[in-house]
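S.K.: 1 is the number of the first residue of the sequence shown in the UniProt record's numbering; add one for each residue after it.
In this text, a Cβ means the ideal position worked out from N, Cα and C, and glycines have one as well.
Next up is a structure, given as structure tokens.
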Amino acid sequence: ILFSRTNPSLSLSLSVAQTTPSMTAGIYVPSRSFRFGGNPFLGPKPISTLTPTSLFSPSISRFDAILRYRRKQPSLTVCFVVEDEKLNTQIESPAEESSDEEIEKQISAARVAEKLARKRSERFTYLVAAVMSSFGITSMAVMAVYYRFSWQMEGGEVPYSEMFGTFALSVGAAVGMEFWARWAHRALWHASLWHMHESHHRPREGPFELNDVFAITNAVPAIALLSYGLFHKGLVPGLCFGAGLGITVFGMAYMFVHDGLVHKRFPVGPIANVPYFRRVAAAHQLHHSDKFNGVPYGLFLGPKEVEEVGGHEELEKEINRRIKLSNGS
1 ILFSRTNPSL
11 SLSLSVAQTT
21 PSMTAGIYVP
31 SRSFRFGGNP
41 FLGPKPISTL
51 TPTSLFSPSI
61 SRFDAILRYR
71 RKQPSLTVCF
81 VVEDEKLNTQ
91 IESPAEESSD
101 EEIEKQISAA
111 RVAEKLARKR
121 SERFTYLVAA
131 VMSSFGITSM
141 AVMAVYYRFS
151 WQMEGGEVPY
161 SEMFGTFALS
171 VGAAVGMEFW
181 ARWAHRALWH
191 ASLWHMHESH
201 HRPREGPFEL
211 NDVFAITNAV
221 PAIALLSYGL
231 FHKGLVPGLC
241 FGAGLGITVF
251 GMAYMFVHDG
261 LVHKRFPVGP
271 IANVPYFRRV
281 AAAHQLHHSD
291 KFNGVPYGLF
301 LGPKEVEEVG
311 GHEELEKEIN
321 RRIKLSNGS
């Protein structure tokens, strides 16, 4: 409540404001002047200023009564004022969010690139190991077969029975290894040896996994049989040589189809487009999905196992999915 110094009129101003984090609301009642002439009882001196203690004086009480009598209905104005600080924050927020999103995208892209580089390195390492081992084993097997039969024919007589036994055991051992692998996979690897085979059912860290030990264990009897058959004559050594040769052939085929085609540990080239191998890969993928309680446990006869448990439809779906992936890549 202020009294004008130059004009003995009364100016009233009522302001109620509440500040929130987003805006300031104010209710303002425009000032209205009331003239009381030069009455010394109603107006202060031109140079006087109304103090808080003078509000309770009798003159002010009489002035309040006259004011209520002569006061008219004031106009009410509600103003909403947006604070500059909040406005600036709202303007800067989208920019900050966009910058955060860009940073996250860059981090994600860097992680993806690092992961791809690591995968390429792992695949190359395993490819080198696979090629060297395959080349070495194949070379030794070919040389062993050559020297074995050349040695048998030194006496002039061709040992047909021994040669037939060698080839028969080669095929028989290769087929028999499929049934051995199916039984061992179900009864051993998914049972007492699960602590080793589990590494094959988890995301691989590095080029090798603990499950690769089984390939070495299967190679030991093959090497022993080949060595015995190579350095001894007779039907039994010939059969042992054939058995070792069959195990070796199965191991190489298993590595290319299982490790290369199914799990893509190294590129396998055009064999990925062979329909039979595509069915084999799809069936083994169902084994890792655990849709049929682990079936199939075999590899090359895996599609037949899946169909025996009623998984023909799922097998076809997996085959179509792999075809789409190969066409997309």
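Which residues in the same chain as L301 place their Cβ atom closer than 7 Å to its Cβ, once the five residues preceding and following it in sequence are excluded?
M.R.: For the purposes of this step, residue 301 is identified with residue 301 of the sequence shown, where counting begins at 1. Result list for L301: E178, in chain order.
S.K.: What's the C-alpha gap between L261 and W180?
M.R.: Here the question's residue 261 lines up with position 261 in the sequence shown. Here the question's residue 180 lines up with position 180 in the sequence shown. If I take the Cα positions, the gap works out to 21 Å.
S.K.: Return helix, strand or coil for G246, following the three-state DSSP convention.
M.R.: In the sequence shown, the residue the question calls residue 246 occupies position 246. The answer is helix: DSSP assigns G246 an H, G or I state.
S.K.: Kindly indicate which three-state DSSP category F231 falls into: helix, strand or coil?
M.R.: The count along the sequence shown starts at 1 and reaches residue 231 at position 231. Under the three-state reduction of DSSP, F231 is assigned to coil, being neither helix nor strand.
S.K.: Would L315 pass as a contact of V309 if the rule is Cβ separation under 8 Å?
M.R.: Residue numbering aside, residue 315 sits at position 315 when the sequence shown is read from its first letter. Residue numbering aside, residue 309 sits at position 309 when the sequence shown is read from its first letter. Not in contact: L315 and V309 (Cβ atoms no closer than 8 Å).
S.K.: Short of 6 Å in beta carbon distance, which residues of its chain neighbour P303, apart from the five on each side in sequence? Order them along the chain.
M.R.: For this step, residue 303 is matched to residue 303 along the sequence shown. For P303, the CB contacts under 6 Å within the same chain, skipping 5 residues up- and downstream, are R279, A283 in chain order.
S.K.: Check whether the Cβ atoms of T166 and G234 lie closer than 8 Å to each other.
M.R.: The residue you call residue 166 lines up with position 166 of the sequence shown. The residue you call residue 234 lines up with position 234 of the sequence shown. No, these two residues do not count as a Cβ contact at 8 Å.
S.K.: By the DSSP assignment, the alpha helix (DSSP H) with A187 in it spans what residues?
M.R.: As a working mapping, residue 187 is identified with position 187 in the sequence shown. Counting along the chain, A187 falls outside any alpha helix (DSSP H), and DSSP gives it neither H nor E.
S.K.: Could you check what DSSP says for L116 in three-state terms: helix, strand or coil?
M.R.: For the purposes of this step, residue 116 is taken as the residue at position 116 of the sequence shown. L116: helix per DSSP, three-state reduction.
S.K.: Taking only the alpha-carbon atoms, compute the straight-line gap between S289 and A253 and give it to the nearest angstrom.
M.R.: On the sequence shown, position 289 is the one that residue 289 refers to. On the sequence shown, position 253 is the one that residue 253 refers to. S289 and A253: Cα-Cα distance of roughly 23 Å.
S.K.: Take residue 346 as the anchor and find which of A110, V128, V236 has the nearest alpha-carbon.
M.R.: In the structure as shown, the chain starts at 1 and stops at 329, and residue 346 therefore has no counterpart that could be examined.
S.K.: Evaluate contact between the segment 214-224 and the segment 144-160, counting only Cβ atoms and requiring at least three cross-stretch pairs below 8 Å.
M.R.: With the cut-off at 8 Å, the segment 214-224 and the segment 144-160 do not touch.
S.K.: Would you identify the three-state DSSP class for E104, choosing helix, strand or coil?
M.R.: Here residue 104 is taken as the residue at index 104 of the sequence shown, counted from 1. It is helical.
S.K.: Under the three-state reduction of DSSP, which class applies to E305: helix, strand or coil?
M.R.: As a position in the sequence shown, residue 305 is number 305, starting the count at 1. Helix at E305.
S.K.: Can you tell me where the alpha helix (DSSP H) with R202 in it begins and where it stops?
M.R.: Locating residue 202 in the sequence shown gives position 202, where the first residue counts as 1. It is not in any alpha helix (DSSP H) - R202 carries neither H nor E in the DSSP assignment.
S.K.: What did DSSP end up calling residue 335 once you bin it into helix, strand or coil?
M.R.: Lying before the first or after the last residue shown, residue 335 is absent from the chain, which here runs from 1 to 329.
S.K.: In this structure, does DSSP put H263 in helix, strand or coil?
M.R.: For this step, residue 263 is matched to residue 263 along the sequence shown. Correct three-state label for H263: coil.
S.K.: Grouping DSSP H, G and I as helix and E and B as strand, with all else coil, what is P270?
M.R.: Locating residue 270 in the sequence shown gives position 270, where the first residue counts as 1. P270: helix per DSSP, three-state reduction.
S.K.: Considering only residues of the same chain and omitting the five flanking positions on each side of L239, which have a CB-CB separation below 6 Å?
M.R.: In the sequence shown, counting from the first residue as 1, residue 239 sits at position 239. Answer for L239: G165, L169, listed in chain order.
S.K.: What number of angstroms, rounded off, separates the C-alpha of Y228 from the C-alpha of H287?
M.R.: The residue labelled residue 228 in the question sits at position 228 within the sequence shown. The residue labelled residue 287 in the question sits at position 287 within the sequence shown. Using only the alpha carbons, I get a separation of about 37 Å.
S.K.: Between R186 and the rest of its own chain, which residues show a CB-CB distance below 8 Å, the 5 nearest in sequence each way excluded?
M.R.: As a working note, residue 186 is residue 186 in the sequence shown. Excluding sequence neighbours, R186 sits near G294, Y297.
S.K.: Within 8 Å (strictly less), CB to CB, does V128 reach chain B?
M.R.: Of the protein chains in the structure, only one exists, and it is not chain B.
S.K.: With DSSP run on the structure shown, which of helix, strand or coil describes R236?
M.R.: Locating residue 236 in the sequence shown gives position 236, counting from the first residue. The sequence shown places Val at residue 236, rather than the Arg named in the question. Three-state DSSP puts V236 in a helix.
S.K.: Would you kindly report the start and end of the unbroken alpha helix (DSSP H) that includes residue 337?
M.R.: The chain is shown only over 1 to 329; residue 337 falls outside these bounds and no answer can be derived.
S.K.: Anyone know if the C-beta pair for N218 and G251 falls short of 8 Å?
M.R.: As a working note, residue 218 is residue 218 in the sequence shown. As a working note, residue 251 is residue 251 in the sequence shown. Contact flag set, yes.
S.K.: Near H200, which residues of its chain fall below 7 Å by C-beta distance, leaving aside the five closest residues on each side in sequence?
M.R.: As a working note, residue 200 is residue 200 in the sequence shown. Closer than 7 Å at Cβ, skipping near neighbours: E209, N211.
S.K.: Between G244 and the rest of its own chain, which residues show a CB-CB distance below 6 Å, the 5 nearest in sequence each way excluded?
M.R.: As a position in the sequence shown, residue 244 is number 244, starting the count at 1. Contacts found: A222, L225, L226.
S.K.: What do you get for L116, buried or exposed, if any count of 16 or more other CB atoms within 10 angstroms of its CB means buried?
M.R.: Position 116 of the sequence shown, counted from the first residue, corresponds to residue 116. Burial call: exposed.
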